[in-house]
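Visitor: The structure is given below, and queries will be raised subsequently.
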Amino acid sequence: MLARVISCAIIGLEGALIQVEVDLARGLPSFTIVGLPDKAVEESRERVRAAIRNSGLVFPGMRVTVNLAPADLKKEGPAYDLPIALGVLAASDQLSGDLDRALFLGELSLDGSVRHTDGVLPMVSLAHEQGLRTAFVPYSDAAEASLIEDIDIIPVKSLAELVAHLNGLGDIATYQPDPALLDAAAEPHYDADMSHVKGQEHVKRAMEVAAAGGHNMIMLGPPGSGKTLLARTMPTILPRMTNNEVLQVTKIYSVGGMLPADHPFVRQR
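Following the numbering used here from start to finish, the sequence shown increments by one per residue and tops out at 1191.
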């Protein structure tokens, strides 16, 4: 049997939808992944096999072939674990429902729990642009993914929980952003302020002109003259970041794996 699941790859700071195709055939048991996978993706075979077994499900004793299409894009990272596992289960008739109408992301632990994945924000953003209206993401990444509007974010803690949800035997509530978290992220905090700098009035004036007009600026001077402190105060006189700027900067932090789970919005320049 053949099953298809939608996932996503990261190329630079943007995403590219990936179709995970899983085929089961008679023959000696094997598990092959094709489609230009890197080492982390190839190793998902062992994670997926153990996660399915430890979730109380059955890994089929057949020839399992996984194709990550399009094949000309390099696939990196462990985010394909969850969609591959779902494809295997769907192809072996252990899972029902349409898996090609939602985005699935997540790394699997050997016990079947779903772990954090870098780059969730740009991947969910692309899914929304491509018309998908549901995204299943790791529980720890749900707040980050909720930055994208008009798409339902389903936080997943484990493979077993997700399978029960898709089979209609359980229900995972759509993630609702915490208003307190949003309010806390609204006001940027800076350690330095221009009022901390004494003197250097001509430099401050030049910084104000550069900030107002969007000009480049270079500061020259001997060590200890205040160049570093003045440079740190520049963001404090710039306008607040727009929502689009917040989204773009947060994407960079997301792809780089530098976005803290308890503060998934970057509003500070």
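All C-beta atoms in this analysis are idealised placements derived from N, C-alpha and C, irrespective of residue type, glycine included.
Which value, in whole angstroms, describes the spacing of the CA atoms of GLU943 and ILE933?
Guide: 20 Å
Visitor: Between GLY983, GLN1170 and GLY1135, which lies nearest to LEU946 when the distance is taken from Cα to Cα?
Guide: Nearest of GLY983, GLN1170 and GLY1135 to LEU946, Cα basis: GLY983.
Visitor: Looking at the structure shown, is ALA1106 part of a helix, part of a strand, or coil, going by DSSP?
Guide: Low confidence applies here, because ALA1106 scores a pLDDT of 49, under 50, leaving its location unreliable; read the following figure in that light. Helix.
Visitor: Which word fits GLY1028, buried or exposed, when buried means at least 16 other C-beta atoms lie within 10 angstroms of its C-beta?
Guide: buried
Visitor: Leaving aside the five residues before and after ARG969 along the sequence, list all residues of the same chain whose C-beta is less than 6 Å from its C-beta, in chain order.
Guide: ASP1003 and LEU1030
Visitor: Go through its chain and collect everything with a Cβ distance to ASN1089's Cβ below 8 Å, but skip five positions before and after it.
Guide: LEU1017, SER1018 and GLY1019
Visitor: Is the Cβ-Cβ distance between VAL988 and ILE1006 less than 8 Å?
Guide: yes
Visitor: Going along the chain, which residues of its own chain have a beta-carbon closer than 8 Å to the beta-carbon of VAL1125, five neighbours each way excluded?
Guide: Cβ neighbours of VAL1125 beyond the five flanking positions: MET1141, GLY1148 and LEU1152.
Visitor: Express the C-alpha separation of ALA1086 and ALA1265 in angstroms, rounding to a whole number.
Guide: The question about residue 1265 has no answer here: the residues shown for the chain are numbered 923 through 1191.
Visitor: Rounded to the nearest angstrom, what separates GLY1143 and GLN1122 at their Cα positions?
Guide: It is roughly 12 Å from the alpha-carbon of GLY1143 to the alpha-carbon of GLN1122.
Visitor: Just to check my reading of the structure: ILE1174 and LEU935 have Cβ atoms closer than 8 Å, yes? What is that Cβ distance to the nearest angstrom?
Guide: Going by Cβ atoms, the distance from ILE1174 to LEU935 rounds to 6 Å, so yes, they are a contact pair.
Visitor: Out of curiosity, what's the CA-to-CA distance linking LEU995 and PRO959?
Guide: 9 Å
Visitor: Between the alpha carbons of SER966 and LEU1169, how many angstroms are there, rounded?
Guide: Rounded to the nearest angstrom, the two C-alpha atoms are 30 Å apart.
Visitor: Could you check what DSSP says for ASN1165 in three-state terms: helix, strand or coil?
Guide: ASN1165 falls in the helix class under three-state DSSP.
Visitor: From the DSSP output, which residues share a beta bridge with ILE932?
Guide: GLY937
Visitor: Using three-state DSSP, classify LEU1181 as helix, strand or coil.
Guide: Coil.
Visitor: Touch check for the segment 1056-1063 and the segment 1030-1041: three-plus C-beta pairs under 8 Å?
Guide: With a cut-off of 8 Å, the segment 1030-1041 and the segment 1056-1063 count as touching, because enough Cβ pairs lie within range.
Visitor: In the structure shown, what three-state DSSP assignment does VAL1059 receive?
Guide: strand
Visitor: Going by DSSP in three states, ASP1100 sits in which element: helix, strand or coil?
Guide: DSSP places ASP1100 outside both helix and strand once states are collapsed to three, so it counts as coil.
Visitor: ALA1114 by DSSP, collapsed to three states: which one?
Guide: coil
Visitor: Is the beta carbon of ALA991 less than 8 Å from the beta carbon of ILE1070?
Guide: no
Visitor: Start and end of the beta strand (DSSP E) containing THR879?
Guide: The first residue shown for the chain is 923 and the last is 1191, placing residue 879 beyond what the model contains.
Visitor: LEU1172: buried (16+ other C-beta within 10 angstroms of its C-beta) or exposed?
Guide: One detail in the question is off: residue 1172 reads as Thr in this sequence, not Leu. With 16 or more Cβ atoms within 10 Å of its Cβ, THR1172 is classed as buried.
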